[in-house]
Amino acid sequence: MEAGERSVVGESATVVLVVCVGGGVVVGWLVRLLAHWFVTLPWAPFQGPARLLNSFPEPWVTLGLVAAGGVAGVLLALTALHEAITVAVSDTQVTITTRDETQVVERDELTLAFKEGKQLVLLGRHGREIAREETDLSPKRLSRAFTGHGYGWAAEDPHAGDYRLWVPDASGLPEGSNAVFAAREQALKAGKKDDIRELRKELSRFGVFVRDKDKRQYWRMP
């Protein structure tokens, strides 16, 4: 690999679009088949909508459902691409772009990277967590990008045994962090991804690093 060259790991927009639009088209076609089948089964649900769909002439009803499925697929693809992250690795820095945010980690800040479940994690000196972002990018592609530029890559979290389950008013935490944990617990239960992410950042300012499992929070400090 030539000096100055970057390795960019991200989702292919074409693949995402094809998969989502193709899936939407198939769903639209299946809806038409199910509507035709349901009207033959007196006990089946959605009899009213099924009869309504069958009252429209062909091929227009099928074409309309397929087109609607395709449009829904496009919208899903755009959402997926907006949520996806792109990781650019060079000899001097790592850049993570997600949503409308970009985080740059300089080489001398980064000591190790690894994939934990669906999250890419970057660690700095003394085990400090620099970044933790959700991604479906494969560990193999990420590992190749990082090691290709001389960065450390681990198969698993070297600090996995240091995490403790958070409980209300847990001892050993910095003053004020329990309140952040409590707010984050509510965000986890509600599935508010943006709040979960922002409150993780807030905890990192206290020097507390958190990982989630089954909507429970586990924490460690460097």
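For the sequence shown, counting from 1, position 1 maps to 245 in the working numbering; every step adds exactly one. Don't be surprised by glycine CBs; every beta carbon is placed ideally from N, CA and C.
Per-residue DSSP class, three states only, for residue i
i, result
"arginine 376", "strand"
"alanine 400", "Before going further, note that residue 400 is glutamate rather than alanine in the sequence given. DSSP places glutamate 400 in coil when its eight states are reduced to three."
"arginine 408", "strand"
"tryptophan 304", "helix"
"valine 310", "helix"
"aspartate 438", "helix"
"arginine 444", "helix"
"serine 299", "coil"
"proline 383", "helix"
"glutamate 429", "helix"
"valine 283", "coil"
"glycine 420", "coil"
"arginine 477", "Since the displayed the chain opens at 245 and closes at 466, residue 477 lies outside it and no answer follows."
"arginine 276", "helix"
"proline 293", "helix"
"glycine 451", "coil"
"alanine 316", "helix"
Identity of the residues DSSP links to residue i by a beta bridge
i, result
"arginine 460", "Lys457"
"valine 338", "Val333 and Val349"
"alanine 357", "Leu366 and Trp397"
"valine 253", "Val331"
Nearest-angstrom Cβ-Cβ length linking residue i and residue j, presumed shorter than 8 Å
i, j, result
"tyrosine 407", "arginine 455", "6 Å"
"valine 349", "glutamine 337", "6 Å"
"glutamine 461", "tryptophan 410", "4 Å"
"threonine 330", "threonine 341", "5 Å"
"phenylalanine 358", "tryptophan 397", "6 Å"
"phenylalanine 282", "glutamine 291", "6 Å"
"glycine 368", "glutamate 353", "5 Å"
"histidine 403", "arginine 464", "6 Å"
"serine 251", "alanine 389", "4 Å"
Residue i burial status per 10 Å Cβ neighbour count (16 or more: buried)
i, result
"valine 421", "The amino acid occupying residue 421 in the given sequence is serine; valine does not appear at that position. So serine 421 ends up on the buried side."
"glycine 272", "buried"
"glycine 317", "buried"
"leucine 467", "Outside the displayed range of the chain (245 to 466) lies residue 467, so it cannot be described from this structure."
"aspartate 413", "exposed"
"arginine 268", "The amino acid at residue 268 is misidentified as arginine; the sequence shows glycine. It is buried - the Cβ of glycine 268 has at least 16 other Cβ atoms within 10 Å."
"alanine 257", "exposed"
"leucine 274", "exposed"
"valine 262", "exposed"
"glycine 266", "exposed"
"valine 259", "exposed"
"glycine 313", "buried"
"threonine 284", "exposed"
"alanine 328", "buried"
"valine 424", "buried"
"aspartate 401", "buried"
"alanine 294", "buried"
"arginine 343", "exposed"
"leucine 381", "buried"
"alanine 434", "exposed"
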